[in-house]
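Engineer: Quick one: the structure is below, and I'll ask about it shortly.
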Amino acid sequence: MKTLSCDLCEVTADGETFEDWMNALKPHYGEAHADVINDSNNGKEEMDKWMTSNKARFDTA
Ligand SMILES: [Zn+2]
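Structure representation (structure tokens):
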């Protein structure tokens, strides 16, 4: 189990795998960072970038 902070604030989420962690973070993202999720500039490319950088962060945590 790894504990990693949100990439935008200090809130943390736990996960056994990166996917678990991402699912644990999702409700927080929807509440605290809804503006980011709803930003129409955030297309698939940005999402892929987010996944790549946060996966790397998770793997090295
Ligand atoms: Zn956050």
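With this note's numbering, letter number 58 in the sequence shown gets 1127, and the count goes up by one each step, no holes. Every residue, glycine too, gets a C-beta built ideally from N, C-alpha and C.
1. For the candidate residues Gly1099, Cys1075, Ser1109 and Glu1114, whose alpha-carbon lies nearest to that of tryptophan 1090?
2. For the beta strand (DSSP E) containing threonine 1086, name the first residue and the last one.
3. Under 8 angstroms Cβ to Cβ from phenylalanine 1087, same chain only, skipping five residues before and after it: list those, please.
4. What residues in its chain sit with their C-beta under 8 angstroms from that of isoleucine 1106, if we drop five residues either side in the sequence?
5. For serine 1122, name the three-state secondary structure that DSSP assigns.
Structural biologist: The structure says:
1. Cys1075
2. First-last for threonine 1086: undefined, no H or E at that position.
3. Asn1123, Lys1124, Phe1127 and Asp1128
4. Tyr1098 and Gly1099
5. helix
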